[in-house]
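Worksheet: the structure to be examined is printed underneath.
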Amino acid sequence: MRVLTVDDSRTILAMLHHTLSNAGFEVLQAEDGQKGLDVLKNESVDVVITDINMPVMDGIEFIKNVRASGMHNSLPILILTTETSQDKRDQGRAAGGTGWIVKPFDPEKLISVIHRVVH
17 MRVLTVDDSR
27 TILAMLHHTL
37 SNAGFEVLQA
47 EDGQKGLDVL
57 KNESVDVVIT
67 DINMPVMDGI
77 EFIKNVRASG
87 MHNSLPILIL
97 TTETSQDKRD
107 QGRAAGGTGW
117 IVKPFDPEKL
127 ISVIHRVVH
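The number in this note's numbering is simply the position in the sequence shown, starting from 1, with 16 added.
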């Protein structure tokens, strides 16, 4: 299973890579929403995990762009963020986000959520 992680934090990207690759996932990574879109143009993935607060293109705009492309309507997109406000959650859901996980993440729970949304 292939996972695209989109986050501007190298630490979070490294933690996600470690967690997901140890669980048997192939991990692709991008540092912002625009780079995430670039990856999706050239690669197929089974699930996306994105942060919200990033430079260049934030997670909400990234999700809107993914959904607007029409090619990834059923692609699960999990939002992994420090944001906890209901307003941000509503924005994420309205944009087309599939699920919401608050940082710091629990590796076992993250893997469980991925399996739930992909199958």
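For each residue, glycine too, the CB sits at the ideal point set by N, CA and C.
Membership of A46 in the beta strand (DSSP E) is indicated by the continuous run 42-46. Assigned with DSSP and collapsed to three states, V64 falls in strand. Here the alpha carbon of F41 sits roughly 5 Å from the alpha carbon of M17. A direct Cα-Cα distance of roughly 7 Å separates Q107 from I76. The secondary-structure analysis by DSSP pairs L96 across a beta bridge with I117.
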